[in-house]
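Colleague: Structure in structure tokens, see below.
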Amino acid sequence: MSEAGQAAYRVLARKYRPRNFAELIGQEPMVRTLRNAIETGRLAHAFVLTGVRGVGKTTTARIIARALNCIGADGGGGATIEPCGVCENCVAIAEDRHQDVLEMDAASRTGVDDIRELIDGVRYLPVAARYKIYIIDEVHMLSRNAFNALLKTLEEPPAHVKFIFATTEIRKVPVTVLSRCQRFDLRRVEGARLVDYFREITAKETVEADDEALALIARAAEGSVRDGLSLLDQAIAHTGGAIGGDAVRDMLGLADRARTLELFEAVLGGGIKAALANLRAQYAAGADPMVVFQDLLALCHWVTDVKINPDAGGDVTVSEAERVRGQALAGQLGMADLARAWQMLLKGLKEVQGAPQPIAAAEMALIRLAYAADLPSPADLVTRLTRDGGQPSASAGAPAQATTSPPAPSGSGRSAGDGGATRAVASSAVRGGASVESAPRALARPQAEPAADDFPDDDPRFAAEAMSSVEAAPDGGPGIAPDAAPDGERPQPTTLEEVVALLTRRDDLRLQANLVNFVRLVRIEPGRIELHPLENAPRDLAAQLAGRLDEITGRRWMISVTTSQPGEPTLAEQRRERAETERARIAAHPMVRAVIDQFPGAAIDAFRASDAPDDNPDEDGER
2 MSEAGQAAYR
12 VLARKYRPRN
22 FAELIGQEPM
32 VRTLRNAIET
42 GRLAHAFVLT
52 GVRGVGKTTT
62 ARIIARALNC
72 IGADGGGGAT
82 IEPCGVCENC
92 VAIAEDRHQD
102 VLEMDAASRT
112 GVDDIRELID
122 GVRYLPVAAR
132 YKIYIIDEVH
142 MLSRNAFNAL
152 LKTLEEPPAH
162 VKFIFATTEI
172 RKVPVTVLSR
182 CQRFDLRRVE
192 GARLVDYFRE
202 ITAKETVEAD
212 DEALALIARA
222 AEGSVRDGLS
232 LLDQAIAHTG
242 GAIGGDAVRD
252 MLGLADRART
262 LELFEAVLGG
272 GIKAALANLR
282 AQYAAGADPM
292 VVFQDLLALC
302 HWVTDVKINP
312 DAGGDVTVSE
322 AERVRGQALA
332 GQLGMADLAR
342 AWQMLLKGLK
352 EVQGAPQPIA
362 AAEMALIRLA
372 YAADLPSPAD
382 LVTRLTRDGG
392 QPSASAGAPA
402 QATTSPPAPS
412 GSGRSAGDGG
422 ATRAVASSAV
432 RGGASVESAP
442 RALARPQAEP
452 AADDFPDDDP
462 RFAAEAMSSV
472 EAAPDGGPGI
482 APDAAPDGER
492 PQPTTLEEVV
502 ALLTRRDDLR
512 LQANLVNFVR
522 LVRIEPGRIE
532 LHPLENAPRD
542 LAAQLAGRLD
552 EITGRRWMIS
562 VTTSQPGEPT
572 LAEQRRERAE
582 TERARIAAHP
592 MVRAVIDQFP
602 GAAIDAFRAS
612 DAPDDNPDED
622 GER
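Position in the sequence shown (first residue = 1) + 1 = the working numbering.
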């Protein structure tokens, strides 16, 4: 090509920049609004265009300027949504030389002096056009003083002035400016529209490009038309005229989509060797480990989307073969598997980004994910242990892949006297906090209640968490009196637990916390309570309690304080003691021991009472 030809060449993004609204793709709502505004004469004095890079903000601003100032080929036309493109105003604006259309880059002219210079010309009428139009690109870059200087003029501009702002950071624009403008959010262009648009461009440029290559470019553009055209321009230069999928992948440093699918299948199938071989092959071919993980994340999201909504698989940027394999994966994998894979891939991506050797970090992350995929789910483990009578089977040490989550086990061996079930959570510090849940129903007690261990005695802030409403026990154990009896009588507490529960219902958490942590009960009877306060108890605790009980119960209460009698342990101490007793009893159960044996280093972190009935009676009909 001659030097003159090289100098005359314009990149595709400039050559095919839209000249009217008909050529602007993907922004139909904005075009419809502007069309109606022009036809009805309801034009705003200021517009703000926002959106990601390359969706046409500045281009749209120039088209609006031409539409408002077009006079038609005969010179007698008015504002129109379809500028003629041949009149003097349209040509001058398109060539960026019209004296009444002023464009300012706020990224380089951010100061108040620049805005004052602009405002000084507002009062003058346009020289040749219908409107004097000010286009400020990247308006969010203006300083605070510059915005303040613009506010008054923006609020009450002359009738012959229009402002058009463009920004990628709409949140950085003061709300006082936004409230004075008509806002248009330019959307990302869908992948299918981009593919069709790029196909039109390649036809005009007499360039051959297969559908896979155009789909890869559209996917890499992320909804930006300008970015897509720049990539298409680069692909034409890279291939010399015939654009193929392999060439685009090589140009962008992308991993092969088919290889990514194979890698995803291998790692979630527990195939560590196959997954590592796949990753190393892609790395040797020039793929960036970070890009590989980004593709795995995108694939995981797409498979999850297909699982939730099968119709979501109809993406034109995905080939038919990939669609079939993705739908098969969505059918095989459970939602828990996909959610776990997403979290681990996201964590792996962060590790790859910050690692001195990204390929090593990528391999370790894949090994971790493949190992986790090979572990049985908690439900599978409990089912197996229940089936084996609470003893680990011979094959229990070889984890099997769990693709779906089976229903929770029914639980056998429950004694007739059990009144509830207790769930034990065994979490292993060795595996970074992964938890294993089981529900051995034989571990229940009629009076099991939430654990309140590890609450400090000297900090009332923890008492609100430690104390919850104490439900009436099925065997007539300690419970709380209701707020009002059926006959309308007020509650009359007979235990300190009931007093605390009443205060909890009234949201008197500070007084409740003090009773839980800092007093020992000596005696309680109707209308009278004797307490032994601890060192951290407030001095006016007795007066506070008496006043609240008088108000709640409707009778007079006498609260006395003594230090000569030790009294019972505090409620917090009683709860800790019960929790430790229950923890020891749960840990001694054969099924729990079997679970802990399967996960070395695991321990019971927490447990809670469950009052859910057993829906699966045993063979004798007992529950």
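Built from N, CA and C at the ideal position, the CB exists for glycine as well.
Just so we're clear, the structure is a prediction, and the values are computed from it rather than from any experiment.
Note down the Cα distance separating D228 from K153, rounded to an integer number of angstroms.
Modeller: Roughly 37 Å separates the two Cα atoms.
Colleague: What would DSSP say about Q545, mapped onto helix, strand or coil?
Modeller: In the structure shown, Q545 sits in a helix (DSSP, three-state: H, G or I).
Colleague: Find out if the Cβ-Cβ distance for the pair L294, L350 is shorter than 8 Å.
Modeller: At residue 294 the sequence reads Phe, which differs from the Leu that was named. Yes, they are a contact pair.
Colleague: With a threshold of 6 Å on Cβ separation, who are the neighbours of Q28 within its own chain once the five nearest residues in sequence on each side are excluded?
Modeller: For Q28, where only same-chain residues beyond five positions count, the Cβ hits under 6 Å are L187.
Colleague: When the Cα atoms are used, what is the spatial distance from A449 to L497?
Modeller: Residue confidence is low: A449 scores 38 on pLDDT, short of 50, so the model does not pin down where it sits. No coordinate-derived value is stated.
Colleague: Among the residues of its own chain, which have a CB less than 6 Å from the CB of K133, if the five just before and after it don't count?
Modeller: Only D101, P127, H161 and V162 meet the Cβ criterion.
Colleague: Between the region 356-364 and the region 277-293, are three or more C-beta pairs nearer than 8 Å?
Modeller: At 8 Å Cβ cutoff, the stretches touch.
Colleague: Is L334 near the ligand MN, in the sense that its beta carbon is under 7 Å from a heavy atom of that ligand?
Modeller: As for the ligand MN, it is missing from this structure, which has no ligand bound.
Colleague: Could you work out which residue in V87, A45 and P492 is closest to R67 when comparing CA atoms only?
Modeller: Nearest of V87, A45 and P492 to R67, Cα basis: V87.
Colleague: So the alpha helix (DSSP H) D306 belongs to, where does it begin and stop?
Modeller: Looking at the DSSP string, the run of the alpha helix (DSSP H) that includes D306 is P290 to I309.
Colleague: Where does Q513 land, buried or exposed, given buried means 16+ other C-beta within 10 angstroms?
Modeller: Answer is buried; the Cβ neighbour count reaches 16.
Colleague: Figure out for me which residue from I237, P570 and A607 has the closest Cα to the Cα of A588.
Modeller: The residue with the shortest Cα to Cα distance from A588 is A607.
Colleague: Under a three-way DSSP split, which group does P534 fall into?
Modeller: P534: strand per DSSP, three-state reduction.
Colleague: Can you tell me whether I309 is buried or exposed? The criterion is at least 16 other CB atoms within 10 Å of its CB, across all chains shown.
Modeller: Burial call: exposed.
Colleague: Please classify F600: does DSSP put it in a helix, a strand, or coil?
Modeller: The answer is coil: DSSP assigns F600 none of H, G, I, E or B.
Colleague: In whole angstroms, what is the alpha-carbon distance linking V174 and L155?
Modeller: For V174 and L155, the distance between alpha carbons rounds to 14 Å.
Colleague: Our contact map puts L367 next to V268 with C-beta atoms below 8 Å; I'd like the distance itself, whole angstroms only.
Modeller: So it is a contact: roughly 5 Å between Cβ atoms.
Colleague: Do I244 and A214 have their C-beta atoms closer together than 8 Å?
Modeller: Yes.
Colleague: Under the three-state reduction of DSSP, which class applies to T168: helix, strand or coil?
Modeller: Residue state, collapsed to three classes: strand.
Colleague: Select from N279, T59, A38 and L376 the residue whose C-alpha is nearest the C-alpha of Q599.
Modeller: Nearest option by C-alpha distance: L376.
Colleague: With 16 other CB atoms within 10 Å as the buried threshold, where does T647 fall?
Modeller: A query on residue 647 cannot be resolved here, the shown segment of the chain reaching from 2 to 624 and no further.
Colleague: By Cβ distance, which residues of its chain are closer than 6 Å to M31, with the 5 residues on each side in sequence left out?
Modeller: So the qualifying residues of the chain are F185.
Colleague: Assuming R274 is part of the beta strand (DSSP E), what are its boundary residues?
Modeller: With the sequence shown as reference, residue 274 is identified as Lys, and Arg is not the correct amino acid for it. Where K274 is concerned, there is no enclosing beta strand (DSSP E), although the alpha helix (DSSP H) it sits in stretches over I273 to A285.
Colleague: Can you give me the Cβ contacts of T169 inside the same chain, cut-off strictly under 8 Å, excluding the 5 residues immediately before and after it?
Modeller: Around T169: T51, G52, V53, R54, K58, E139 and H141.
Colleague: Around the C-beta of Y10, are 16 or more other C-beta atoms found within 10 angstroms, so that it is buried, or is it exposed?
Modeller: By the neighbour-count rule (16 or more Cβ atoms within 10 Å), Y10 is not buried but exposed.
Colleague: Only counting the same chain, and skipping five residues up and downstream in sequence, which positions put a Cβ closer than 7 Å to that of C91?
Modeller: Same-chain partners within the cutoff: R67, C71, P84 and C85.
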